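**Q** Residues -10 to 310 (the working numbering) are what the sequence shown spells out, left to right. A virtual CB, placed ideally from N, CA and C, is assigned to each residue, including glycine. Keep in mind the model is a prediction, meaning the values are calculated, not measured.
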Amino acid sequence: MNTRIFENLFDEGLVSQESMNKIRAAETSKLFPVAWELRTILYLGVLLLSSGLGILIYKHIDTIGHMAIIALIAAISLGCFIYAAKKKPAFTWQKMRTPSVLYDYLVLLGCLTFVSFVTYLQAQYNVFGTLYGTATFIPLIVLTFSAYYFDHLGVLCMAITNLAAWMGVNVTPRYLITANDFSSERIVYAGLLLGLICIGMSWLSKHKQWKAHFEFTYMNFGVHVLYVSMIAAHFTLLRWPFFGWVLMMGAVSYLLYRFFPVVRNSAYFLVVMALYIYVQLIIIITETNIGDIGGYLFICLLLTGLLIYALVTINRKMKKK
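Printed below as a string of structure tokens:
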């Protein structure tokens, strides 16, 4: 609350002394919100619990036994899901109100331990044999269902990552570029398809009102995976003459800007698309036989200047909104 306005009104005689005293008392005695601090502690608690269980199992695997460990993981996962199912409000395609602070974190813990459960079964007992796709497809179904049923963005991110693993693409931020073999045409095609699927799900979320607040998350994954895959396709699939893939990126960027308000109204997506196009242009320039280092530097500086101009323009546009 801005008390300066009330101070000015008090000086002008428009606010009484008694009212001013109440305003000052309310300002000095207002509560300090600790919601984010509490959420951070709970997130850390989930991570520490998961890590602690992993370390405990690793150090005492011989004395505990594999079946006991599997039973413990299954019990934790099942307990979390039972608690969440009892506490959750009635299902709706709109954003649900979280019944308690603990609810979100137990849903997340239940999903994490379920993935650990399936992975442990496959690693220790080879339950699915050589059907490795099944070992990722089952968690994919459970995570996707849980994300929608419990209305959990964190679990949705896990489901998308699991979908990528099932398709053979690694989409975690650290490994998106470094761990994927983009010299493989199959991986590039899978990346392009995954990006389009995520963008399509973003559209469905918004226009069908199927958890419309999932729109941004789907689009975030889709844009990054699609653009990285298009850059990789330049080397692997088809070396179009000159600026072919840049034109493709430009066309995709226009379509996203034209038909997706979440992109059009977000400086984040506009900046990301501009940066990917800039990277693709730099790659093409370095492959072009200009024959003069001065020419390379001039073109790179020109492109950098255009990028800065685009970013400044985007910033001004967002401020006007």
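Comparing C-alpha positions only, which one of 3, 307, 74 and 147 sits nearest to residue 260?
**A** That would be 307, whose Cα lies nearest to the Cα of residue 260.
**Q** Assess, as a yes-or-no matter, whether the region 233 to 240 is touched by the region 186 to 193 under the definition of 3 or more beta carbon pairs within less than 8 angstroms.
**A** Result no; under three Cβ-Cβ pairs closer than 8 angstroms.
**Q** Quick test of the definition: if touching needs 3 or more C-beta pairs under 8 angstroms, does the region 113 to 120 touch the region 66 to 82?
**A** No contact exists between the region 113 to 120 and the region 66 to 82.
**Q** Using alpha carbons as the reference points, say which of 223, 4 and 131 lies closest to residue 272.
**A** Considering only alpha carbons, the answer is 223.
**Q** Inspect the CB distances between the region 23 to 38 and the region 86 to 102 and report whether three or more fall short of 8 angstroms.
**A** These segments touch.
**Q** Let's see if you can read the secondary structure: which residues bound the alpha helix (DSSP H) around residue 155?
**A** Segment 142 to 156, the alpha helix (DSSP H) holding residue 155.
**Q** Which value, in whole angstroms, describes the spacing of the CA atoms of residue 14 and residue -5?
**A** Cα-Cα distance, rounded: 13 angstroms.
**Q** Find out if the Cβ-Cβ distance for the pair residue 152, residue 186 is shorter than 9 angstroms.
**A** For residue 152 and residue 186, yes; Cβs fall inside 9 angstroms.
**Q** Quick check for students: name the residue ranges of the alpha helix (DSSP H) that lie wholly in the region 221 to 261, counting only runs of 4 or more.
**A** Those alpha helix (DSSP H) runs which fall completely within the region 221 to 261 and span 4+ residues are 233 to 248 and 250 to 253.
**Q** Locate the alpha helix (DSSP H) running through residue 123, then write down its first and last residues.
**A** 121 to 138 is the extent of the alpha helix (DSSP H) around residue 123.
**Q** Any contact of the region 125 to 145 with the region 93 to 101, i.e. 3+ C-beta pairs under 8 angstroms?
**A** Judged by Cβ distances under 8 angstroms, the region 125 to 145 makes contact with the region 93 to 101, as three or more pairs qualify.
**Q** Should residue 301 go down as buried or exposed, given a rule of 16 or more other Cβ atoms within 10 Å for buried?
**A** With fewer than 16 other Cβ atoms within 10 Å, it is exposed.
**Q** Considering only the alpha carbon of each residue, which of 16, 248, 238 and 41 lies closest to residue 268?
**A** For residue 268, the nearest C-alpha among the options comes from 238.
**Q** Hey, residue 340 and residue 212: beta-carbon distance below 9 angstroms or not?
**A** A question about residue 340 goes unanswered here, because the residues of the chain that appear run from -10 up to 310.
**Q** Considering only residues of the same chain and omitting the five flanking positions on each side of residue 157, which have a CB-CB separation below 8 angstroms?
**A** For residue 157, where only same-chain residues beyond five positions count, the Cβ hits under 8 angstroms are 175, 176 and 179.
**Q** Near residue 76, which residues of its chain fall below 6 angstroms by C-beta distance, leaving aside the five closest residues on each side in sequence?
**A** Closer than 6 angstroms at the Cβ level, and outside the excluded window around residue 76, lie 88 and 92.
**Q** Looking at residue 58: is its Cβ nearer than 9 angstroms to the Cβ of residue 46?
**A** In this structure, residue 46 lies closer than 9 angstroms to residue 58 by Cβ.
**Q** So, under 8 angstroms CB-CB, residue 206 and residue 145 are touching, yes? Tell me the CB distance rounded to an integer number of Å.
**A** So it is a contact: roughly 6 angstroms between Cβ atoms.
**Q** For a test of the three-state rule: what should DSSP assign to residue 321, helix, strand or coil?
**A** There is simply no residue 321 to check, as the chain begins at -10 and stops at 310 in what is shown.
**Q** Let me check understanding here. Comparing Cα to Cα, which of 86, 248, 135 and 285 lies closest to residue 188?
**A** Minimum Cα distance to residue 188 is reached at 248.
**Q** Among 16, 4 and 136, which residue has its Cα nearest to the Cα of residue 85?
**A** The option with the nearest alpha carbon to residue 85 is 136.
**Q** Please list, in chain order, all residues of the same chain as residue 78 whose beta carbon is under 8 angstroms from its beta carbon, the five residues on each side excluded.
**A** For residue 78, where only same-chain residues beyond five positions count, the Cβ hits under 8 angstroms are 85, 86 and 88.
**Q** Taking residue 201 as part of the alpha helix (DSSP H), name the residues at either end of that continuous run.
**A** Segment: none, residue 201 is in no alpha helix (DSSP H) and carries neither H nor E.
**Q** Going by beta-carbon coordinates alone, are residue 270 and residue 292 separated by less than 9 angstroms?
**A** Yes, these two residues count as a Cβ contact at 9 angstroms.
**Q** Quick one: grab the DSSP three-state call for residue 173.
**A** Three-state result, residue 173: coil.
**Q** Residue range of the alpha helix (DSSP H) that residue 66 falls in?
**A** It spans 55 to 76 - the alpha helix (DSSP H) in which residue 66 sits, taken as one unbroken run.
**Q** Helix, strand or coil for residue 86 per DSSP?
**A** Three-state result, residue 86: coil.
**Q** Indicate the three-state DSSP secondary structure (helix, strand or coil) for residue 117 in the structure shown.
**A** Residue state, collapsed to three classes: coil.
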